[in-house]
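*Asks:* Going by the UniProt record's numbering, the first residue of the sequence shown is number 1, and it counts up by one from there. Below is the structure I would like to discuss, written out as structure tokens.
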Amino acid sequence: MTEPVFSLKDIIVTVGDNVQILKSLSLDIYDGDFITVLGTNGAGKSTLFNTIAGNLAINSGQLLHHGHNIAHESAVARTNYIARVFQDPKMGTAPRMTVAENLLLAENRGRKRTLRSRGLTKEKLTEYAQITQVMGNNLDTRLNTATGNLSGGQRQALSFLMATRVKPELLLLDEHTAALDPKTSEQLMLATNQQVTQNKLTALMITHNLTDALKYGNRLLILNAGNIVLDVRGDDKVALDEAQILKYFIV
1 MTEPVFSLKD
11 IIVTVGDNVQ
21 ILKSLSLDIY
31 DGDFITVLGT
41 NGAGKSTLFN
51 TIAGNLAINS
61 GQLLHHGHNI
71 AHESAVARTN
81 YIARVFQDPK
91 MGTAPRMTVA
101 ENLLLAENRG
111 RKRTLRSRGL
121 TKEKLTEYAQ
131 ITQVMGNNLD
141 TRLNTATGNL
151 SGGQRQALSF
161 LMATRVKPEL
171 LLLDEHTAAL
181 DPKTSEQLML
191 ATNQQVTQNK
201 LTALMITHNL
211 TDALKYGNRL
221 LILNAGNIVL
231 DVRGDDKVAL
241 DEAQILKYFI
251 V
């Protein structure tokens, strides 16, 4: 197997009165992995994402990016290669800017350029119409609409497109369908899987939906009390069912 893109080695994260949330957690993430992440509330899922993204400092251990320790690198610096879509559709987009302007902003991520209206050429708008059409929710007809006026599903679809407009080395999907109704959630999940697989993205996805965790991705993790208690991929993942997964959810 090739070298991992990201490696977490013996990561310990504590909060409050020295309460350990992640307990010597180790994880290798390989190029092209689409990892679904399960766990009860308080298992450490969000802490894992915040640690990778740089929003939460570690107490000990190493966080490696292509073998280079980035544990002390800022969250802003990590946005050059890590993208994140949050549960709240209102996060990740600028509400007063149009859909097209948000996409242009995402496209210029990491570049020393400012957003100018002249950047939205006719050709660029045509390109954005094609990009948004694949989401299947009429977002392509609302390119000139302020993002704050979109439905929750459209706004979350836009957040996903923005996060992947410049291909990240790691995409963190933080329960990105949880705040949506079942139909919209399924629609976004199908579009997510299509984009991740077709563009060969490396992604981690937190979900509470056992069906989605089994259906999507090549690898599945279960966290419990700050530890990884299951890490399966390939045929071993395919062989799992919901009853087997539920055994790991110790109350």
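From the three backbone atoms N, C-alpha and C, an ideal C-beta is built for every residue, glycine too. Note that the structure is predicted; figures quoted are calculated from it, not measured.
Please go through the region 141-187 and give each complete alpha helix (DSSP H) segment of 4 or more residues, from N-terminal end onward.
*Replies:* 152-165
*Asks:* State buried or exposed for His176, treating a residue as buried only when at least 16 other CB atoms are found within 10 Å of its CB.
*Replies:* Translated into the one-based positions of the sequence shown, residue 176 becomes position 176. So His176 ends up on the buried side.
*Asks:* I'd like the span of the beta strand (DSSP E) that includes Gly39, first residue to last.
*Replies:* On the sequence shown, residue 39 is found 39 positions in, with the first residue counted as 1. Taken as a continuous stretch (DSSP letters only), the beta strand (DSSP E) holding Gly39 covers Phe34 to Gly39.
*Asks:* In chain order, what residues of the same chain lie with their CB nearer than 6 Å to the CB of Arg116, ignoring the 5 residues before and after it?
*Replies:* Within the sequence shown, numbered from 1, the residue matching residue 116 stands at position 116. Residue placement at Arg116 is flagged as unreliable, the pLDDT there being 49, under the threshold of 50; the coordinate-derived value follows with that caveat. There are no such residues.
*Asks:* Out of Gly42, Gly67, Leu25 and Leu56, point me to the one whose CA is closest to Val5's CA.
*Replies:* As a working note, residue 5 is residue 5 in the sequence shown. Val5 has its Cα closest to that of Gly67, out of Gly42, Gly67, Leu25 and Leu56.
*Asks:* Count the other C-beta atoms from every protein chain shown that fall within 10 angstroms of the C-beta of Ser159, then say buried if there are 16 or more, exposed otherwise.
*Replies:* Counted from its first residue, the sequence shown places residue 159 at position 159. With 16 or more Cβ atoms within 10 Å of its Cβ, Ser159 is classed as buried.
*Asks:* For Thr207, is the classification buried or exposed, using 16 other Cβ atoms within 10 angstroms of its Cβ as the cut-off for buried?
*Replies:* Start at 1 with the first residue of the sequence shown, and residue 207 comes out as number 207. Looking at its Cβ environment, which holds 16 or more other Cβ atoms inside 10 Å, Thr207 is buried.
*Asks:* Put Val13 into one of helix, strand or coil per three-state DSSP.
*Replies:* Position 13 of the sequence shown, counted from the first residue, corresponds to residue 13. It is a strand residue.
*Asks:* Of the residues Leu27, Tyr81 and Pro168, which one's Cα is nearest the Cα of Leu221?
*Replies:* Position 221 of the sequence shown, counted from the start, is the residue given in the question as residue 221. Ranked by how close their Cα comes to the Cα of Leu221, the residues Leu27, Tyr81 and Pro168 have Leu27 in first place.
*Asks:* With the cut-off set at 8 Å, would you say Gln195 and Thr164 are in Cβ contact?
*Replies:* Working through the sequence shown from its first residue, we reach residue 195 at position 195. Working through the sequence shown from its first residue, we reach residue 164 at position 164. It is a contact, given that the beta carbons lie within the stated cut-off.
*Asks:* How big is the Cα-Cα spacing for Leu103 and Asp17?
*Replies:* Counted from its first residue, the sequence shown places residue 103 at position 103. Counted from its first residue, the sequence shown places residue 17 at position 17. Each residue's Cα considered, the two are about 42 Å apart.
*Asks:* What's the call for Pro89, buried or exposed, on a 16-neighbour Cβ count within 10 Å?
*Replies:* Taking the sequence shown and counting its residues from 1, one reaches residue 89 at position 89. Looking at its Cβ environment, which holds 16 or more other Cβ atoms inside 10 Å, Pro89 is buried.
*Asks:* Can you tell me whether Gly226 is helix, strand or coil according to DSSP?
*Replies:* As a first step, residue 226 must be located in the sequence shown, where it is residue number 226. The answer is coil: DSSP assigns Gly226 none of H, G, I, E or B.
*Asks:* Do you know how far the Cα of Thr79 is from the Cα of Leu48?
*Replies:* On the sequence shown, position 48 is the one that residue 48 refers to. On the sequence shown, position 79 is the one that residue 79 refers to. Whole-angstrom Cα-Cα distance: 16 Å.
*Asks:* Taking only three categories from DSSP, how would you classify Leu115?
*Replies:* Here the question's residue 115 lines up with position 115 in the sequence shown. Low per-residue confidence applies at Leu115: pLDDT is 49, beneath 50, and the placement is therefore not dependable, though the value from the model is reported in the following sentence. Coil at Leu115, not helix or strand.
*Asks:* Return yes when the Cβ of Thr93 is within less than 8 Å of the Cβ of Thr147, no when it is not.
*Replies:* To locate residue 147, count along the sequence shown from 1; it is residue 147. To locate residue 93, count along the sequence shown from 1; it is residue 93. Yes, Cβ-Cβ distance for Thr147 and Thr93 is below 8 Å.
*Asks:* Determine the extent of the alpha helix (DSSP H) in which Ala75 is found, giving its start and end residues.
*Replies:* To locate residue 75, count along the sequence shown from 1; it is residue 75. Ala75 to Arg78 is the span of the alpha helix (DSSP H), which, as asked, contains Ala75.
*Asks:* Nearest to Ala75 by alpha carbon, out of Asn55, Gly61 and Tyr81?
*Replies:* The sequence position of residue 75 within the sequence shown is 75, counting from 1. Checked all of Asn55, Gly61 and Tyr81; the closest Cα to Ala75 is Asn55.
*Asks:* Between which two residues does the alpha helix (DSSP H) holding Val238 run?
*Replies:* For this step, residue 238 is matched to residue 238 along the sequence shown. That run of the alpha helix (DSSP H) goes Gly234 to Val238.
*Asks:* Using the DSSP secondary-structure output, state which residues sit across from Ala203 in a beta bridge.
*Replies:* As a position in the sequence shown, residue 203 is number 203, starting the count at 1. Answer by DSSP bridge pairing, in chain order: Phe34 and Leu171.
*Asks:* Buried or exposed: Ser185, going by 16 or more other Cβ atoms within 10 Å of its Cβ?
*Replies:* Locating residue 185 in the sequence shown gives position 185, counting from the first residue. Buried.
*Asks:* Taking the beta strand (DSSP E) that Gln20 belongs to, which residues open and close that run?
*Replies:* The count along the sequence shown starts at 1 and reaches residue 20 at position 20. Counting along the chain, the beta strand (DSSP E) containing Gln20 begins and ends at Val19 to Ile29.
*Asks:* Quick check: what's the CA-CA separation for Leu105 versus Gln154?
*Replies:* As a first step, residue 105 must be located in the sequence shown, where it is residue number 105. As a first step, residue 154 must be located in the sequence shown, where it is residue number 154. Looking at the backbone, the Cα of Leu105 and that of Gln154 are separated by about 17 Å.
*Asks:* Starting from Leu63, trace the beta strand (DSSP E) both ways and give me its first and last residue.
*Replies:* In the sequence shown, counting from the first residue as 1, residue 63 sits at position 63. Start and end: Ser60 to His65.
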